[in-house]
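Q:
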Amino acid sequence: MKIGVFGGTFDPVHNGHINAFAETYIGLELDQVIIVPTFISPLKKQAGSSDSHRLNMLKLAVENYDFAEIDTFEIDQQEVTYTFDTLKYLRNKYPDDDLYFIIGTDHFISFDKWKNADKLHKLAKFTVLDRNDELYNIKPPFIKLNTNIVEVSSTLIRERLKTNTEVRHLMPEEVYRYIKEQRLYET
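Going by full-length UniProt numbering, the residue at position 76 of the sequence shown is 76; the numbering climbs one at a time, nothing skipped.
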């Protein structure tokens with residue numbers, strides 16, 4: 001099987017995330033996409049909502065995508081978990097499958113800062129979502145996937161929610177309703 005792996009904080013999950021994993025599923029002709037929410041990202045400041053809220057929103061966002069599955073490995077660790085650790089876990093769980101780790105150009109340009117960056121390509125094929133051929137020199141062992149990228153920012157969504165500014169168009173309706181019901185990101 002060809003399995004895509006898509007990680008992130010998803011605080012909150014939005015249409016940009018969904019577009020990225022769906023376009024990769026189509027573009028690479030994957031059989032499945034595993035979505036791995038982080039506990040604490042080693043390269044990001046942790047934002048606002050709890051693990052359980054982020055997981056609930058993610059479940060709502062992907063429930064209609066039969067090829068998508070959520071794996072809580074990183075959240076279950078309850079500590080900073082690196083991509084290297086996650087891919088070792090997934091490689092053991094799916095020893096006979098091809099893993100494709102999905103990243104954007106923002107992560108591609110900082111890839112050399114990742115823990116055990118030199119060993120990651122042995123665990124998975126890294127697919128870089130790119131919509132502009134000229135900006136980045138993406139070449140093997142990375143796989144470049146030209147795709148339409150939906151630019152949405154979780155930070156922008158959280159800021160707009162604090163000021164009660166419209167955000168429904170940036171995320172699935174179920175996620176928006178959950179945020180409002182739970183009163184997330186209001187302060």
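Idealized CB from N, CA, C, for every residue including glycine.
With C-beta atoms as the reference, is Pro37 less than 8 Å away from Glu74?
A: If you number the sequence shown from 1, residue 37 lands on position 37. If you number the sequence shown from 1, residue 74 lands on position 74. Closer than 8 Å, so yes.
Q: For Asp71, which option in Met1, Lys88, Val175, Val5 has the closest C-alpha, if you only look at C-alpha atoms?
A: Here residue 71 corresponds to residue number 71 of the sequence shown, with the count starting at 1. Of the candidates Met1, Lys88, Val175, Val5, the one whose C-alpha sits nearest the C-alpha of Asp71 is Val5.
Q: Buried or exposed: which applies to Ser153, given that a residue is buried once 16 or more other Cβ atoms fall within 10 Å of its Cβ?
A: Within the sequence shown, the letter at position 153 stands for residue 153. Flag for Ser153 reads exposed.
Q: Just checking, does the region 8 to 24 make contact with the region 53 to 63 on the three C-beta pairs under 8 Å criterion?
A: yes
Q: Within the same chain, show all residues whose beta-carbon is closer than 6 Å to that of Phe101, passing over the 5 residues directly before and after it, in chain order.
A: By one-based count along the sequence shown, residue 101 stands at place 101. Cβ neighbours of Phe101 beyond the five flanking positions: Val5, Ala124, Phe126.
Q: Counting only beta-carbon atoms, is Arg168 nearer than 8 Å to chain D?
A: The chain inventory of the structure shown lacks chain D, comprising one protein chain alone.
Q: Tell me the residue span of the alpha helix (DSSP H) that contains Glu23.
A: Taking the sequence shown and counting its residues from 1, the one referred to as residue 23 is at position 23. Run containing Glu23: 15 to 27, per the alpha helix (DSSP H) assignment.
Q: Pro141 and His121: beta carbons closer than 8 Å?
A: As a position in the sequence shown, residue 141 is number 141, starting the count at 1. As a position in the sequence shown, residue 121 is number 121, starting the count at 1. Yes. Within cutoff.
Q: Roughly how far, in whole angstroms, is the beta-carbon of residue 191 from the beta-carbon of Thr105, given that I think they are within contact range, below 8 Å?
A: For residue 191 there is no data in the structure shown, the boundaries of the chain being 1 and 187.
Q: To the nearest angstrom, how far is the alpha carbon of Lys115 from that of Ile149?
A: Residue 115 sits at position 115 when you count from the first residue of the sequence shown. Residue 149 sits at position 149 when you count from the first residue of the sequence shown. Cα to Cα, Lys115 sits roughly 27 Å from Ile149.
Q: Check each candidate in Asp130, Glu23, Val33, Val167 and name the one with the smallest Cα separation from Tyr94.
A: By 1-based counting over the sequence shown, the position of residue 94 is 94. That would be Val33, whose Cα lies nearest to the Cα of Tyr94.
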